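According to this note's numbering, the sequence shown holds residues 18 to 219 in order.
Every residue gets a Cβ at the ideal spot worked out from N, C-alpha and C, and that includes glycine.
Keep in mind that this is a model prediction, so the values were computed, not measured.
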Amino acid sequence: MAANQGGRTRRRLSTEERREQLLAVGARLFSESPYEDVWIERVAEIAGVSRGLLYHYFPTKRDFFAAVVERESERMLRMTAPVPGVPVREQLPGGLDAFLEYVQTHAHGYRAFHRADAAGDQAVRRVYQRALGAQERQILAALAADPEFGPACEGRPETRLAVRGWLAFTTSVCLEWLRGTELSRDQVRELCARALLGVLTD
């Protein structure tokens with residue numbers, strides 16, 4: 018325990034807690050500014066740590082941003098993981114609800130995640146593309162296991178492109194929603210659900 022200037026004590030953060038704090042600060046800054054405009058010194062200042070300590074956790078700015086992107090990707094994958102044995106059509110509304118809850122609750126992280134695609138650093142963009150690929154594979158696996166959509170999607174290369182297009186559509190809708198629209202969360206959910214079912218059933 019360390020004492021602060023007011024005589025109170027504050028708990029020293031564990032390694033994992035400190036890492037999470039730094040990633041949260043990074044998510045906010047990267048969501049507000051392009052990759053090139055975020056300075057590691059600013060991250061350290063907001064987090065109340067030395068630049069050296071930040072570099073101890075993340076050797077380069079690229080490593081730091083990649084960790085922010087991977088953190089948000091893992092969150093999205095956990096929150097939207099399909100329930101085995103439940104038809105896609107039944108679990109789609111609930112899955113989208115969970116996803117939209119994540120988008121609202123972790124808006125900075127969601128914006129930061131999608132800013133990675135515009136980063137000039139190709140290594141950062143590859144991290145983003147891998148994360149999108151993981152989302153795509155998760156959806157395709159759920160469709161393949163579904164009794165309704167599995168047989169229809171089998172052997173159809175256009176299904177992958179349709180899912181990829183739907184992810185881009187959903188991203189655009191959600192980013193616009195975060196900027197402020199007249200649509201409620203229920204309306205956004207229905208819009209995204211109809212869009213996916215539409216590309217699968219046409």
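Item	Value
Between residue 132 and residue 163, what straight-line distance do the alpha-carbon atoms span, to the nearest angstrom?	33 Å
Could you pull out every residue in the same chain whose Cβ sits closer than 7 Å to the Cβ of residue 114, ignoring the five residues on either side in sequence?	206
Count the C-beta pairs between the stretch 147–157 and the stretch 79–92 that are closer than 8 Å, then say yes if the count reaches three, no if not.	yes
Taking the CB atoms as reference points, tell me whether residue 48 and residue 142 lie closer together than 7 Å.	no
Please identify the residue among 167, 171, 73 whose C-alpha is closest to the C-alpha of residue 102.	167
Rounded C-beta distance between residue 52 and residue 138? I'm assuming under 8 Å.	7 Å
Within 10 angstroms of the Cβ of residue 160, are there 16 or more other Cβ atoms? Answer buried if so, exposed if not.	buried
Find out if the Cβ-Cβ distance for the pair residue 209, residue 187 is shorter than 7 Å.	yes
What are the boundary residues of the alpha helix (DSSP H) that residue 176 is part of?	175–197
Excluding five sequence neighbours on each side, which residues of the same chain lie with their C-beta closer than 6 Å to the C-beta of residue 156?	180
How about residue 125 and residue 64: do their beta carbons lie closer than 7 Å?	no
Apply the 10 Å Cβ neighbour rule to residue 117 and answer buried if 16 or more other Cβ atoms are within range, or exposed otherwise.	buried
Where does residue 32 land, buried or exposed, given buried means 16+ other C-beta within 10 angstroms?	exposed
Take the Cβ of residue 176 as the centre, count every other Cβ of all protein chains shown within 10 Å, and call the residue buried at 16 or more, exposed below.	buried
Would you kindly check if the distance between the Cβ of residue 83 and the Cβ of residue 144 is under 7 Å?	yes
Find the nearest neighbour of residue 211 within the set 191, 183, 79, judged by alpha-carbon distance.	183
Between 213, 218, 198, which has its C-alpha nearest residue 112's C-alpha?	213
Looking only at its chain, what residues have a beta carbon closer than 7 Å to the beta carbon of residue 38, apart from the 5 residues adjacent to it on each side?	30, 64
Quick one, which of 74, 59, 50 has its alpha-carbon nearest residue 15's?	Residue 15 lies beyond the stretch modelled for the chain, which goes from 18 to 219, so this question has no answer here.
Residue 104 lies in the alpha helix (DSSP H); which residues open and close that run?	First-last for residue 104: undefined, no H or E at that position.
Tell me the residue span of the alpha helix (DSSP H) that contains residue 218.	202–218
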